[in-house]
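Asks: This is the structure I have questions about; it appears just below.
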Amino acid sequence: TQLLEQSPQFLSIQEGENLTVYCNSSSVFSSLQWYRQEPGEGPVLLVTVVTGGEVKKLKRLTFQFGDARKDSSLHITAAQTGDTGLYLCAGGETSGSRLTFGEGTQLTVNP
Amino acid sequence: GAVVSQHPSWVICKSGTSVKIECRSLDFQATTMFWYRQFPKQSLMLMATSNEGSKATYEQGVEKDKFLINHASLTLSTLTVTSAHPEDSSFYICSARGLGVDTQYFGPGTRLTVL
């Protein structure tokens, strides 16, 4: 079973600050997805990265897939209150169709 | 992006009754659908994987006779919680994946409350 460790578990910051969320594993993943989930709703896909070393930007969000495809990071610049939510990383298993989810990072951006 | 719907969005039932939750992929053919369970402030826990036309594969510790999964078409999967009990109360989320694609697209979830 592949495991993904996500950190930090909780993060409370002020509007305008920068932050980084990490997902680490000892296993190689075929792809890495990042999702954002609001209370009472399903996760919404933010990005999929598939190539080692890949960097993708989505406005103020920057996603990076590690060279060895074992880890990933999400960096948010100048956080806004609307960024508040549960951020989940999920790795696509090389041996099948399942996703391995990290434990999630609950981000609160205070005004 | 791909759209996945779930119905109902919430349901309240009495202990001992059965509840069916539907998951539909609206604009793509979902060769594989997944059912997850999520407790408050926690990540998603995979319950089972279903491929269209075949029996579902259940994760360890998930009772297949209690959580019946049917994936009869490329756009519809159903999860039936049989003889529901209060401990089955949870947020159930489905996701769908197309052929040859890693990305899963999630439904909006169903809040089940068993009294």
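Sequence lines, in order, name chains A and B.
Residues in the first sequence are numbered from 1 upward in steps of one, following this note's numbering.
Residues in the second sequence are numbered from 1001 upward in steps of one, following this note's numbering.
Beta carbons are placed, not taken as given, at the ideal position from N, Cα and C, and that holds for glycine.
Express the C-alpha separation of E5/A and K1055/B in angstroms, rounding to a whole number.
Replies: Their Cα atoms are separated by approximately 31 Å.
Asks: Spatial neighbours of W1035/B within its chain, please: CB distance less than 6 Å, with the 5 preceding and 5 following residues excluded, ordered by chain position.
Replies: So the list reads M1047, A1048, L1079, C1094, once near-sequence residues are dropped.
Asks: So R1111/B contacts chain A; which residues on that side make the cut at Cβ distance below 8 Å?
Replies: Chain A residues near R1111/B: G40.
Asks: Does any residue of chain B bring its CB to less than 9 Å from the CB of E5/A?
Replies: Output row for E5/A: interface = no.
Asks: Of all the CB atoms in chain A, is at least one closer than 9 Å to the CB of V1019/B?
Replies: Cβ-Cβ to chain A under 9 Å: no for V1019/B.
Asks: Contact between the segment 1071-1078 of chain B and the segment 1012-1019 of chain B: three or more CB pairs below 8 Å?
Replies: With a cut-off of 8 Å, the segment 1012-1019 of chain B and the segment 1071-1078 of chain B do not count as touching, because too few Cβ pairs lie within range.
Asks: Below 8 Å on C-beta distance, what does P1008/B contact in chain A?
Replies: Those within 8 Å of P1008/B in chain A number zero; the least Cβ separation is about 13 Å.
Asks: In chain B, which residues lie less than 7 Å from P111/A when you measure between Cβ atoms?
Replies: What P111/A touches in chain B: nothing, since even the nearest Cβ is about 22 Å away.
Asks: Within a Cβ cutoff of 6 Å, which residues of the same chain sit near T53/A, ignoring the five residues on either side of it in sequence?
Replies: Inspection of the sequence shows that residue 53/A is occupied by Gly rather than by Thr. Closer than 6 Å at Cβ, skipping near neighbours: D67.
Asks: Given a cut-off of 9 Å on the beta-carbon distance, is the pair S1009/B and T1110/B in contact?
Replies: In this structure, T1110/B lies closer than 9 Å to S1009/B by Cβ.
Asks: Leaving out five residues on either side along the sequence, give the residues of the same chain with a beta carbon under 8 Å from the beta carbon of N110/A.
Replies: Contacts found: S12, I13, Q14, E15, T81.
Asks: Considering K1020/B, what are the terminal residues of the beta strand (DSSP E) in which it resides?
Replies: Element bounds for K1020/B: 1019-1025.
Asks: Return yes when the Cβ of G91/A is within less than 9 Å of the Cβ of C23/A, no when it is not.
Replies: Yes.
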